[in-house]
Amino acid sequence: MKKRGLQDKVKLNNGVLMPQHGFGVYKIDNQADAEIAINKALEVGYRSFDTAQLYHNEGILGNLLQQSGVARDELFITTKIGDDNQGYDATLSSFDLSMKALKLDTLDLLLVHWPSQQHFFDTWRALERLYKEMRVRAIGVCNFNVSHLDRLANMATVVPAVNQFECHPYLTQYPLKDYLKQHNMVAEAWSPLGRGMVLDDSVLKTIAEYYHKSTAQIVLRWHLQQDMVIIPKSVTPSRIAENADIYDFALSDEHMKMIDGLNRDYRTGQDPDDVYLKI
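The letter at position 51 of the sequence shown is residue 51 when you use the UniProt record's numbering, and the numbering goes up by one with no holes.
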């Protein structure tokens, strides 16, 4: 399966092109760490960056990207509405604060971070308004299960372009992936390496030895060959470079199936159904 590099893009359901391989900045909220990580990511070719109101680093990211000298039209920036900012009015006002922090006039992708029972429809109405006002190029959701997506479909006038959710070899999420494909939504994996939990897996180590790659590179390649969008995160320059170096080989069908077989339905994060009942 041919993959050219970090410039590869997927087409969203509204025609917007989104890089398939982005850089996550979860927990990178220290200025020194952020400078090292984001500057290295830019150096190796990353142009897509994923943040969130919850991460408390939109301002750091905005400053570093502005100082980088990389043209705005080369960048693809995602942020997410936090739980405390859900609801129609709160979403709109918090979005303004995010845009100020990110130093942007237009955002590339805005997501609802978690499904909220209380604010479910009101938050989405606010995102639709921002999209129709062209302040956001695309809107989507994060951590939505099929039941949440079905509920949203009952009232949405704009179909989510993306669903970002936890996905890795121990949580393959194929039923959700199939649903998204059927409804023309892009699947995006957060924690694509299972927060490092999967990297010592003996099956992955065996496959990695075969290709002379690291287990992290094998897992990221597995995602790409399913047409998943991925946002690996690291603050270590060598690992940032390594995670980008996955375009000179392709996994065989046999090895893809071996990785699929590692599924345990094991989450490193919260179950969206539990969060939905709380907020």
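In this text, a Cβ means the ideal position worked out from N, Cα and C, and glycines have one as well.
Under the three-state reduction of DSSP, which class applies to residue i: helix, strand or coil?
i: Ser-48; result: strand
i: Leu-251; result: coil
i: Asn-57; result: coil
i: Met-18; result: strand
i: Ile-259; result: helix
i: Phe-121; result: helix
i: Lys-27; result: coil
i: Gly-140; result: strand
i: Lys-205; result: helix
i: Thr-79; result: strand
i: Lys-11; result: strand
i: Leu-104; result: coil
i: Val-159; result: coil
i: Ile-38; result: helix
i: Val-229; result: strand
i: Leu-6; result: coil
i: Val-112; result: strand
i: Val-70; result: coil
i: Arg-129; result: helix
i: Met-134; result: coil
Below 7 angstroms CB to CB, which residues in the same chain sit around residue i once its five sequence neighbours on both sides are set aside?
i: Gln-118; result: Ile-279
i: Lys-205; result: Thr-215
i: Thr-157; result: Glu-128
i: Arg-195; result: Thr-268
i: Asp-265; result: Leu-171
i: Ile-36; result: Val-235 and Pro-237
i: Asn-14; result: Ala-138 and Ala-161
Classify residue i: buried if its beta carbon has 16 or more other beta carbons within 10 angstroms, exposed otherwise.
i: Arg-125; result: buried
i: Ser-147; result: exposed
i: Arg-4; result: exposed
i: Ala-153; result: exposed
i: Thr-123; result: buried
i: Thr-236; result: exposed
i: Met-18; result: buried
i: Lys-213; result: buried
i: Lys-274; result: Looking at the sequence shown, residue 274 is not Lys but Asp. With fewer than 16 other Cβ atoms within 10 Å, it is exposed.
i: Lys-80; result: buried
i: Ser-238; result: exposed
i: Ser-191; result: buried
i: Leu-99; result: Per the sequence shown, residue 99 should be read as Met rather than Leu. When all chains shown are included, Met-99 counts as buried.
i: Gln-20; result: buried
i: Ser-94; result: buried
i: Gln-66; result: exposed
i: Asp-69; result: The sequence shown places Gly at residue 69, rather than the Asp named in the question. The residue is exposed, with fewer than 16 neighbouring Cβ atoms inside 10 Å.
i: Gly-140; result: buried
i: Gly-261; result: exposed
i: Ala-71; result: exposed
i: Leu-277; result: exposed
i: Gln-86; result: buried
Assuming the contact rule is C-beta atoms closer than 8 angstroms, residue i and residue j should be a hit. Round their C-beta distance to whole Å, please.
i: Arg-135; j: Leu-107; result: 7 angstroms
i: Leu-220; j: Pro-232; result: 6 angstroms
i: Val-229; j: Val-186; result: 6 angstroms
i: Asp-200; j: Val-10; result: No, Asp-200 and Val-10 are not in contact; Cβ-Cβ is about 30 angstroms, not under 8 angstroms.
i: Cys-142; j: Leu-176; result: Incorrect: roughly 13 angstroms between the Cβ atoms, too far for contact.
i: Met-258; j: Val-203; result: 6 angstroms
In chain order, what residues of the same chain lie with their CB nearer than 6 angstroms to the CB of residue i, ignoring the 5 residues before and after it?
i: Ser-234; result: Ile-240
i: Val-16; result: Arg-137 and Ala-138
i: Tyr-211; result: Phe-249
i: Leu-102; result: Glu-58 and Gly-62
i: Phe-23; result: Ala-41, Tyr-46 and Phe-49
i: Cys-167; result: Gln-173 and Ala-189
i: Asp-8; result: Gln-20
Can you list, in chain order, the residues of its chain with a C-beta nearer than 8 angstroms to that of residue i? Leave out the 5 residues immediately preceding and following it.
i: Tyr-55; result: Val-25, Tyr-26, Lys-27, Ile-28 and Asp-29
i: Glu-242; result: Ser-214, Ala-216 and Gln-217
i: Phe-76; result: Met-18, Pro-19, Gly-22, Arg-47, Ser-48, Phe-49, Asp-108 and Leu-109
i: Asn-39; result: Leu-64 and Ser-68
Restricting to runs no shorter than 4 residues, where is the alpha helix (DSSP H) found entirely within the stretch 162-200?
174-182
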